[in-house]
Structure formats: structure tokens, C-alpha cells
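Colleague:
2 protein chains.
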Amino acid sequence: MSEKITSRQQDYSQWYIDLVRSAKLADYSDVRGCMIIRPNGYAIWEKMQAALDAMFKETGHVNAYFPLFIPESFIRKEAEHIEGFAPECAVVTHGGGEPLSENLYVRPTSETIIWSSYRKWIQSYRDLPLLINQWANVVRWEMRTRLFLRTSEFLWQEGHTAHATSTEAEEEVLRMIRVYKTFAEEYMALPVIMGRKSESEKFAGAVETWCIEAMMQDTKALQAGTSHNLGQNFAKAFDCKFQTRDGGLDYVWATSWGVSTRLIGALIMAHSDDKGLVLPPKLATRQVVIVPILRGDKEAVVAKAHSIAEQLNQAGIGAMVDDSDQNSPGWKFAEYELQGIPVRIEIGPRDIKNNICIAARRDNAEKVQIPLDNSLTDTVSDLLRDIQENLFDRALAFREEHTMEVSTYDDFKSNIDNGFLVAHWDGTEETEAKIQEETKATIRVIPEEPELIERYGMKDPGTCIYSGKPSVGKVIFAKAY
Amino acid sequence: MSEKITSRQQDYSQWYIDLVRSAKLADYSDVRGCMIIRPNGYAIWEKMQAALDAMFKETGHVNAYFPLFIPESFIRKEAEHIEGFAPECAVVTHGGGEPLSENLYVRPTSETIIWSSYRKWIQSYRDLPLLINQWANVVRWEMRTRLFLRTSEFLWQEGHTAHATSTEAEEEVLRMIRVYKTFAEEYMALPVIMGRKSESEKFAGAVETWCIEAMMQDTKALQAGTSHNLGQNFAKAFDCKFQTRDGGLDYVWATSWGVSTRLIGALIMAHSDDKGLVLPPKLATRQVVIVPILRGDKEAVVAKAHSIAEQLNQAGIGAMVDDSDQNSPGWKFAEYELQGIPVRIEIGPRDIKNNICIAARRDNAEKVQIPLDNSLTDTVSDLLRDIQENLFDRALAFREEHTMEVSTYDDFKSNIDNGFLVAHWDGTEETEAKIQEETKATIRVIPEEPELIERYGMKDPGTCIYSGKPSVGKVIFAKAY
Chain A
3 MSEKITSRQQ DYSQWYIDLV RSAKLADYSD VRGCMIIRPN GYAIWEKMQA
53 ALDAMFKETG HVNAYFPLFI PESFIRKEAE HIEGFAPECA VVTHGGGEPL
103 SENLYVRPTS ETIIWSSYRK WIQSYRDLPL LINQWANVVR WEMRTRLFLR
153 TSEFLWQEGH TAHATSTEAE EEVLRMIRVY KTFAEEYMAL PVIMGRKSES
203 EKFAGAVETW CIEAMMQDTK ALQAGTSHNL GQNFAKAFDC KFQTRDGGLD
253 YVWATSWGVS TRLIGALIMA HSDDKGLVLP PKLATRQVVI VPILRGDKEA
303 VVAKAHSIAE QLNQAGIGAM VDDSDQNSPG WKFAEYELQG IPVRIEIGPR
353 DIKNNICIAA RRDNAEKVQI PLDNSLTDTV SDLLRDIQEN LFDRALAFRE
403 EHTMEVSTYD DFKSNIDNGF LVAHWDGTEE TEAKIQEETK ATIRVIPEEP
453 ELIERYGMKD PGTCIYSGKP SVGKVIFAKA Y
Chain B
3 MSEKITSRQQ DYSQWYIDLV RSAKLADYSD VRGCMIIRPN GYAIWEKMQA
53 ALDAMFKETG HVNAYFPLFI PESFIRKEAE HIEGFAPECA VVTHGGGEPL
103 SENLYVRPTS ETIIWSSYRK WIQSYRDLPL LINQWANVVR WEMRTRLFLR
153 TSEFLWQEGH TAHATSTEAE EEVLRMIRVY KTFAEEYMAL PVIMGRKSES
203 EKFAGAVETW CIEAMMQDTK ALQAGTSHNL GQNFAKAFDC KFQTRDGGLD
253 YVWATSWGVS TRLIGALIMA HSDDKGLVLP PKLATRQVVI VPILRGDKEA
303 VVAKAHSIAE QLNQAGIGAM VDDSDQNSPG WKFAEYELQG IPVRIEIGPR
353 DIKNNICIAA RRDNAEKVQI PLDNSLTDTV SDLLRDIQEN LFDRALAFRE
403 EHTMEVSTYD DFKSNIDNGF LVAHWDGTEE TEAKIQEETK ATIRVIPEEP
453 ELIERYGMKD PGTCIYSGKP SVGKVIFAKA Y
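Protein sequences appear in the order of chains A and B. For what it's worth, this note's numbering labels the leading residue of the first sequence as 3, then goes sequentially. For what it's worth, this note's numbering labels the leading residue of the second sequence as 3, then goes sequentially.
Okay, structure coming up:
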């Protein structure tokens, strides 16, 4: 355990940095803007990867790996794409001691290098769909960085699919944004709003971008995943045509979708507290830490602690024992609270006599007595499920408390620091840009969640809060990470 | 199924390229020297990763992630290291549209960037050992490339450990080369010779390099994994000292060890044949393909095929059915032979009547009748185990047939194209260099396998086959990939 963590109330940004470093999740490196993901942080990424990878495979995708480097000429082939990405790229100009004949961009995303291959692999509708995902590192030269949330290099997955029809591509875009929503809500315990991005917020080169948007504890928004309908843009840029079922020739329809290590930042910011990390049980490497209270017959207490751990491990619940006598129980409690282990079990000589142990929840500090019998694993299992649900419910309640509808720009301005604002917008990029200039808020999402649409009359026509012009529906504004 | 594969006898190099491309394992990209690992190839890597990662974790290691970029000044800190790696690096000179104040090297290996962090993390013997592994991409600018075996970018894992004593570091080096040997032999069915590298073949910056060396079907050697004792070289370069248990101050002792996607190349070259890939069952995504012979009551045959697949899948054996009627059984047989699926099950109406199916082994083309009853999964399971063992035994027998002892340089020269040569060497770099110049053969390994040492009298003194000077023992020479 290291330095004291600044409280959220005192300075939310500093709290985040303190927590990430104290819990040894990540650290800045000596390379500008690049982070080191330390073992505690990487373990969370491994759990996320395993869950997501299984969901991708269940939906028919396979993994592959494409080159890190993209020839400059490739990245220039899609006009919007180069405009969006070229300014933030790292460029290799020398290799093997010689200047290169063509500069190589370190991939900021892989549409161009992948579509230059798809062109060779796709001849006919029989080669479609092509459903490929890649786990990789990407580089985007960021001026202002923040561990996990915005770094020059980060880890992510990027799905790149090719389809015979526009409809199939649209279905894929929705399928994958739903996969992300399910992952965020069921694994990360993070409620998200699914919907579309406005023109100015969409991916460079996409026809339409879908996203999931979450609220952090400081009421700011965080984009947690995106799924892009690329139409035929990349197929046209790379001249990727296929023979259609009826003998014609058409450009291939494309999608891409991704989530990154920024999800670790979202996880921290959504659930953690002034004592440290709070991990949802499904993403914790270990769900339970057992701390024996070393009084009286120490050996018996330690033996009992290990037998409880074994019982839990056999039931598939990750449990560890800290029986070191270098540190006090109090020190251990603080350390495992910092690390975010969902349940702490305390056991001492008196508990053994009473045939019980004490379980302390990380999420709300409640303590419960648990009988030391065959029911133990079920009880702990239920407790973990309850913690997982409570984290979700708490985050959802927080978001709902901090979501309000506004109908005037004055209301907008005085409430924009308090969360998500539901407001009418005239649909123009000009208005969006002016609101951003004046308030730093952006349109986070045009929700496509039936429940929200109904609650806020999202699809009802009205008047733009900024321009007074007609609006075809409401959108969600917020300040964002 | 695509183009015809050149036979091994006709042209072994072309056979390899044809196979890799026909089986859709990998392809060259439009980026000089970089490969695309296609889904069929990446699936093998995923199986390898899962097995290795579990073995690393069982031996106490955790995963982390360090930056892709290394400042030029870091890579210059260890003299031998920079000499070995700088000439083959890709260099980033621009980022975010601006020239950089210091060039960044794309990692060719991560010792320097990792030791610049370890320096901050290690203060005391209590912080040791540090047992970290990283799964990552690395770049080494290769002039002559070959898919999987030698490409400018490849995927690998690199372990980097820090220890309080030289002895602990030595133990770690051996522990990990043994992990690699176990993996190669038990998963890849690839017999390897474990031992040390000569001075000139060791890792740039290491005190000693251990390796595992395998023989391919053309009798050439392939280095399949290395484990380096780095002594205190990197700790000194990065001024990484720690407080010892007895209150002193010492430099930290280091190891590093790695295997890469070149193992996929080794796997192919060791076992595959003129029909295509031959995969050991433990590294196949699917162990069994079921091809229904669609005659007579087609529906009944297809239903039976699926029920067999279900029975196998439930027993943890990966099985798939190809019941498409677009392709003939003959086409399917050839396709799944090309893909290397270990067992093909054929089932037709007559087989159902006789309550049997036919299982064809990929490794030796033998066919066996299997009764369609509860014993099916055990029978298939035994068959798969037998295939796994047969591949290993066959490769070992091949290596032994192609390993011979030579006592004169004339014998050496006339046999160097036939495999591994056991020979006395005077221990000097000069002799090694001259032999390489004249024959293209190098010292692959100074074996530390008791059985080989005894068989060939490896540790007996003698006379160098080249210089006639005294030799303290025999080594293994070969031409290598």
C-alpha cells in the first residue's frame, strides 16, 4: 500500500490518478503519452478480453492479425479517414538503418490495411460475410493524456466485417453494439445508453456510428464502445468488388467496431471510492480474500482459512488467503480494499468456535456472518451476485439522478455540470459546434433505447434549445472524457 | 481449397510457402516484410498462447504491458544490446505532425523499456522476485523474410524477471527453458534439444543463452525458444540497485525468455505433408471433422453425423460436421486434410445400418472402424492421444536418423546437408566463424540433455574437427532457419 488517495470530493481527477497508481494498475512511462499497464491493471484487461472474445466467437467471428504499419498511400485512400487520423499518427521514416522509400504510419486503426487484404480475399458473395476481429495495440498521438482513458498507445480489439448487402452490414453494426452493451452491463456493472452519434462525432470514414455511453461519478460522460457502419466507403477506396448472387458486380459493405483499455478507466471511475478500487465480481481475478485473525491457536486459524479458500476455489470462486504475519489485519483490510477484492472474509479463534466467519462487502462495507458449513459456497456465491447487481443498480440510480430534461439554453448552461441533459437540437453541425464552444458540452448520443425514448419523448418534434429552429427529436448532451 | 501444393521432395521451400497460403494460415501484406496471420493461422497461435500462458501462471508469472516505443537513449544504454539490435530497428521520427525531439525505436525486444520501469519499482529485496510476462508484437527489420519464420513484425511473449541473487536468476532461466521444452514436446509434438548457445549465438546483452533446438523435415535446425541469463547487465545499464537482505546494496539479477509466432512455422515444417497441414490434436481448434456420405436417406445420415458431433463435443473433443451438399465427399476429404484436422469421421447409410463409422487419421492415413455406441468418445479420445504421440515419435525418429557424429572436417562437410552433426569444437569464435563461412553451418546448441551427453560423450575432451586444437566437449552443428 502506498500514498494516500485524494478524496473524490476534494479533487476527482487527482483521486483517479492517485487510485490508479496506488492500486498499481498503471503508470506513465518514460515515453511521451505511453502508459505501462501493470500486472494488477492487466489482469482486469485479461478478464475483459476473455469475456468479450467468447461473445465475439459466439456471434461467429474469428481472430486474425494484420500489420502494425500502414503505408502512407493506403491511409490517404479514404478522404475523411485521412483527415481524421493523419494528424495524430506516429510515422516511421527509417528502417534497418536506411530511410524508407514510403513512410509507414503506426496504425491508429486498421481499416485501410485490412481492406487492402479483403480486396484480395473477396471475389464472390460466397466469400461473404467475412467476420474478423483483431486484438492489437494502436497509436494515436495525444497531447493531453490520462492513464487508461487517453494515451498515445493503447490496447483494443477491432472487428472488421465485410457483407454482401447493406442490410446485413446494418444488422452486424447493431449486433455488435448490443454485444458491447451486454458486456458493459453484465460484466462491468456499468449501465450504458445505446444510440447513434451525430455527424460531427462519428468515426472518420463511417456512414453512421453507434455507441454506448456511460456516466462517471463526476457526472461526465464516457464513450465505452463504438460500432460503425462504413457503407461502401472503404470498399470503394480499395476497389473491393464482388460478384453478387444474381451475377452482377457490387462494392462490398463494411462495418468496424471496437473497445479498448479505456474500459478499465471507465470501470474505475464508475464504481471505485476513496478507499480504492471497487471491482465487480465478474471482472475480479480473485473474488474473495481471506484474512485470518492470528490470535490464540494461530495454526488452527490459518488451517481453517485455507480450508475455506479450498472450498471456495473448488466451487469456482477465486479465493486467496493472506496469512502473512508481517502485516496487521488492519493493514491487510486496507490493502485489499485498495485492490478492490469484492469480498473479504475474516476468521478468528472465536469465529471457529462459533462455526462462523465474517464476510465484509467491498461495495457497501456491510458485514454478514456466514455459517462454516456446506452452505458456505452458495452463500458467498449469492453475495457476489448481489454485489454485481448492487454496483449496477447504484450506477444506474446515480445516472438517473443526474439526467434531466432542459428546454431553454439558460437551463442548459446552468445544469451542464450536473450530468446528462436531454434537449431538443436542430440537427445542424453549426449549433452543435457553438454549444460546444460555449459550454464544452457535446452531443453524446442520440438514444435508441425504447424505455428512454418513451420516458423523455425523445422522438417528439420540438424547438432547438439553442437556435429556436425546429427539432425532430431530443438528444443527450454532456461534458465527456 | 486452392492451388496445388508443390511436393516436399521437389522443392521444400516452395512446399512450405504453398502450404501456408493454400491452408490460409498467413499471407504477405503490402507492407515490406510484414505478414498477415489469417484466421486459420491465428487459431493455432491462440491455442499455443492459452497453453503457454497457463504454464507461465503456474510458475508464478503475471502479465503486463509496456510501451511499443523505446527512446533511442534507452536502447543505447547497454552496449552489446544496441550493437545487436539498432541496425534492425524501425524508427519513428515524427508524431502528431511534428518531428520528435528524440527518435523512438519500435521495440525489437523490451529489456530496455522494462528495466527503466523496474528501476522505479524495485527498492528492496522485498520487491523481488518480479516475475512478469508480456504478450506483444515486435519489429525487426528483416531483409529476407519467410512467413512465420522470419518477418519484420511478429507476435511473441517475452518474460522479464528480476531477482535478488545470481542463483535465483539461473534457476529461473532453467525453469523457463524447461517450460518451453515441455510445451514443444507435449503440445507441439516436437522433440527438441535443450542446451546452451555459444558466445557468438547468444542474445545481445546476455551472459548466457539457453535454447531449445528442433529439426525440420529438410533436416535443418530451427531455434524454437530461448531463455537468457542477463546477469546484472541491464540493472547496471539502468542503475537498478536494491537493498539486500543483509542491508547492503546490489544490482538486480535479470532473465528474459521468449517464444514467437515462428513456432507456427516450426509446427508446419515438422509434421505437415504434401497434402497439407498436419496438426497435433492438442493444438487443433477442432480435433474431428465429420463428413456424412449423402446417399440414400440423407436426412438420417446428417442427423447421425450431428449426433456424433454432439456426443464428442460434450466429452470435450472439438468436432464439426460438414453436411453441405455443394461439395463432394472427395473434395471435403482433401479440404480437411489440407487444414490438418487430426481425425476425419465418415458416415454413410450402410455404416448406420452396421452401427459403425469410419475414422481416418490425418497423420498416417490409417482408417479404423469405430462402433457407434457409448464407447465412441473413449475410442476417439484414445485415437487422438495416439496421433499426438505418433507425431512426436515420428519426428524424434527422424531427428535421430539424421543426427551423426563426425570426427573429421571432411566428414563434416560431406554430411552437413544431412542433419545435425555432433563434433568437437575448440571453443573459439574464430573457428565457429570459419566453419560458418565455409559451410553455412552454425553451432546450434551445446546440449544439456543427460541422455544425449551420455550417448555421444558430449562432455568428453577431444580434438577440434576444424583446428585440431583441444576441445573440452562436443557440440551440435547444423544449417538453420
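Backbone N, C-alpha and C define an ideal beta-carbon position, used for all residues, glycine too. As the structure is a prediction and not an experimental result, all values here were calculated from the model.
Would you call the stretch 119-132 of chain A and the stretch 228-243 of chain A touching, i.e. three or more CB-CB distances under 8 Å?
Modeller: Verdict: yes, contact present.
Colleague: At which residues does the alpha helix (DSSP H) containing B:W158 begin and terminate?
Modeller: Numbered from its first residue, the second sequence carries residue 158 of chain B at position 156. That residue, B:W158, is in no alpha helix (DSSP H); its beta strand (DSSP E) goes 155-165.
Colleague: Quick check on the DSSP output: the alpha helix (DSSP H) that includes B:E210 runs from which residue to which?
Modeller: Translated into positions along the second sequence, residue 210 of chain B becomes position 208. That residue, B:E210, is in no alpha helix (DSSP H); its beta strand (DSSP E) goes 210-217.
Colleague: Beta carbons nearer than 9 Å to chain B: which residues of the stretch 215-243 of chain A have them?
Modeller: Taking 9 Å as the upper bound on Cβ-Cβ separation, chain B lies near no residue of the stretch 215-243 of chain A.
Colleague: If distances are taken between C-alpha atoms only, which option among B:S154, B:E60, B:E187 comes closest to B:E391?
Modeller: Along the second sequence, read from residue 1 onward, the residue named residue 391 of chain B stands at position 389. Of the candidates B:S154, B:E60, B:E187, the one whose C-alpha sits nearest the C-alpha of B:E391 is B:E187.
Colleague: Below 8 Å between beta carbons is the criterion; list the residues of the stretch 131-143 of chain A that meet it against any residue of chain B, in chain order.
Modeller: I134, A138, N139, V141, W143
Colleague: Could you check which residue in B:R396, B:I478, B:H426 has the C-alpha nearest to that of B:T484?
Modeller: Outside the shown range of chain B (3 to 483) lies residue 484 of chain B, about which nothing can therefore be said.
Colleague: Give the interface partners of B:S118 over in chain A, defined as CB-CB distance under 7 Å, in chain order.
Modeller: Looking up residue 118 of chain B in the second sequence gives position 116. Those are D32, listed as they occur along chain A.
Colleague: Leaving aside the five residues before and after A:F76 along the sequence, list all residues of the same chain whose C-beta is less than 7 Å from its C-beta, in chain order.
Modeller: If you number the first sequence from 1, residue 76 of chain A lands on position 74. T114, I115, S118.
Colleague: To be precise: take each residue of the stretch 59-72 of chain A, compare its Cβ to all Cβ atoms of chain B, and keep it if any distance is under 8 Å. Which residues remain?
Modeller: Within the stretch 59-72 of chain A, the qualifying residues are V64, N65, A66, Y67, F68, P69, L70, F71, I72.
Colleague: Report back the beta-carbon spacing between B:K481 and B:A223 to the nearest angstrom; my notes put them in contact at under 8 Å.
Modeller: By one-based count along the second sequence, residue 481 of chain B stands at place 479. By one-based count along the second sequence, residue 223 of chain B stands at place 221. Rounded, the Cβ-Cβ distance is 7 Å, consistent with contact.
Colleague: In chain order, what residues of the same chain lie with their CB nearer than 6 Å to the CB of A:N135, ignoring the 5 residues before and after it?
Modeller: Position 133 of the first sequence, counted from the start, is the residue given in the question as residue 135 of chain A. Excluding residues within five positions, the ones whose Cβ falls inside 6 Å are F58, H63, N65, Q159, G161.
Colleague: Reducing DSSP to helix, strand and coil, say where A:N357 ends up.
Modeller: Counting from one through the first sequence, the residue named residue 357 of chain A turns up at place 355. A:N357 falls in the coil class under three-state DSSP.
Colleague: Inspect the beta-carbon positions of B:H96 and A:V93 and report whether they are closer than 8 Å.
Modeller: As a first step, residue 96 of chain B is located in the second sequence; it is residue number 94 there, counting from the start. As a first step, residue 93 of chain A is located in the first sequence; it is residue number 91 there, counting from the start. Closer than 8 Å, so yes.
Colleague: If you draw a straight line from the C-alpha of A:D20 to the C-alpha of A:L151, how long is it?
Modeller: Counted from its first residue, the first sequence places residue 20 of chain A at position 18. Counted from its first residue, the first sequence places residue 151 of chain A at position 149. In this model, A:D20 and A:L151 are separated by some 15 Å (Cα to Cα).
Colleague: Compute the distance between the beta-carbons of A:I349 and A:I389, then report whether it is under 8 Å.
Modeller: Position 347 of the first sequence, counted from the start, is the residue given in the question as residue 349 of chain A. Position 387 of the first sequence, counted from the start, is the residue given in the question as residue 389 of chain A. Not in contact: A:I349 and A:I389 (Cβ atoms no closer than 8 Å).
Colleague: Can you tell me which of the three DSSP states B:P131 falls into?
Modeller: For the purposes of this step, residue 131 of chain B is taken as residue 129 along the second sequence, with counting starting at 1. It is coil, neither helix nor strand.
Colleague: Does any residue of chain B bring its CB to less than 8 Å from the CB of A:G318?
Modeller: The count along the first sequence starts at 1 and reaches residue 318 of chain A at position 316. It does not: the Cβ of A:G318 has no partner Cβ on chain B nearer than 8 Å.
Colleague: With a threshold of 8 Å between beta-carbons, can B:I84 be considered close to chain A, or not?
Modeller: The residue you call residue 84 of chain B lines up with position 82 of the second sequence. With a threshold of 8 Å between beta carbons, B:I84 makes no contact with chain A.
Colleague: Tell me the DSSP secondary structure of B:D252 in three-state form.
Modeller: Position 250 of the second sequence, counting from 1, holds the residue named residue 252 of chain B. In this structure, B:D252 counts as strand in the three-state DSSP scheme.
Colleague: Applying the criterion that 16 or more other CB atoms from any shown protein chain within 10 Å of the CB defines a buried residue, is A:N357 buried or exposed?
Modeller: On the first sequence, residue 357 of chain A is found 355 positions in, with the first residue counted as 1. With fewer than 16 other Cβ atoms within 10 Å, it is exposed.
Colleague: With which residues is B:K277 paired in a DSSP beta bridge?
Modeller: For the purposes of this step, residue 277 of chain B is taken as residue 275 along the second sequence, with counting starting at 1. According to DSSP, B:K277 bridges with nothing at all.
Colleague: By a C-beta neighbour count over all protein chains shown, 10 Å radius and 16 as the cutoff for buried, is A:S380 buried or exposed?
Modeller: For this step, residue 380 of chain A is matched to residue 378 along the first sequence. Here residue 380 of chain A is Asp; the residue named in the question, Ser, does not match the sequence. Exposed is the call here.
Colleague: Per the DSSP calculation, A:P449 is bridged to which residue(s)?
Modeller: Within the first sequence, numbered from 1, the residue matching residue 449 of chain A stands at position 447. Partner(s): A:G197.
Colleague: Where do the N-terminal and C-terminal ends of the alpha helix (DSSP H) with A:Q390 fall, by residue?
Modeller: Within the first sequence, numbered from 1, the residue matching residue 390 of chain A stands at position 388. Note, A:Q390: alpha helix (DSSP H), 378-403.
Colleague: Evaluate contact between the stretch 176-185 of chain B and the stretch 410-423 of chain B, counting only Cβ atoms and requiring at least three cross-stretch pairs below 8 Å.
Modeller: no
Colleague: Just tell me which of A:A317, A:R146, A:M322, A:I295 has its CA closest to the CA of A:H308.
Modeller: Here residue 308 of chain A refers to the residue found at position 306 when the first sequence is read from its first residue. Residue A:M322 is the option with its Cα nearest to A:H308.
Colleague: Mind listing the chain B neighbours of A:L106? Cutoff is C-beta to C-beta under 8 Å, in chain order.
Modeller: Counting from one through the first sequence, the residue named residue 106 of chain A turns up at place 104. Ordered by position in chain B, the residues that pass the 8 Å Cβ test against A:L106 are V33, A92.
Colleague: I need the boundaries of the beta strand (DSSP E) containing B:G97, first residue and last residue.
Modeller: Translated into positions along the second sequence, residue 97 of chain B becomes position 95. Per DSSP, B:G97 belongs to the beta strand (DSSP E) from 92-97.
Colleague: Between B:G35 and B:T147, which are expected to be in contact by the criterion C-beta below 8 Å, what is the C-beta distance as a whole number of angstroms?
Modeller: For the purposes of this step, residue 35 of chain B is taken as the residue at position 33 of the second sequence. For the purposes of this step, residue 147 of chain B is taken as the residue at position 145 of the second sequence. Correct: roughly 5 Å between the Cβ atoms.
Colleague: Using C-beta distances below 7 Å, list every residue in its chain close to A:Y411, excluding the 5 sequence neighbours before and after it, in chain order.
Modeller: Here the question's residue 411 of chain A lines up with position 409 in the first sequence. Around A:Y411: I467, Y468.
Colleague: Here's the rule: buried if 16 or more other CB atoms are within 10 angstroms of the residue's CB, otherwise exposed. What is B:Q225?
Modeller: Numbered from its first residue, the second sequence carries residue 225 of chain B at position 223. B:Q225 should be labelled buried.
Colleague: For A:G318, which of A:I38, A:F414, A:A286, A:M37 has the nearest alpha-carbon?
Modeller: One-based indexing of the first sequence puts residue 318 of chain A at position 316. Comparing Cα-Cα distances from A:G318 to each of A:I38, A:F414, A:A286, A:M37, the minimum goes to A:A286.
Colleague: Under the three-state reduction of DSSP, which class applies to B:M322: helix, strand or coil?
Modeller: Position 320 of the second sequence, counting from 1, holds the residue named residue 322 of chain B. Assignment of B:M322 by DSSP, reduced to helix, strand and coil, places it in the strand class.
Colleague: Note the first and the last residue of the continuous beta strand (DSSP E) segment covering B:Q371.
Modeller: The residue given as residue 371 of chain B occupies position 369 in the second sequence. DSSP places B:Q371 in the uninterrupted beta strand (DSSP E) bounded by 369-373.
Colleague: Taking A:W259 as the reference, give the member of A:E172, A:R288, A:D462 with the closest Cα.
Modeller: Reading the first sequence from its first residue, position 257 is the one you call residue 259 of chain A. Cα-wise, what sits closest to A:W259 is A:E172.
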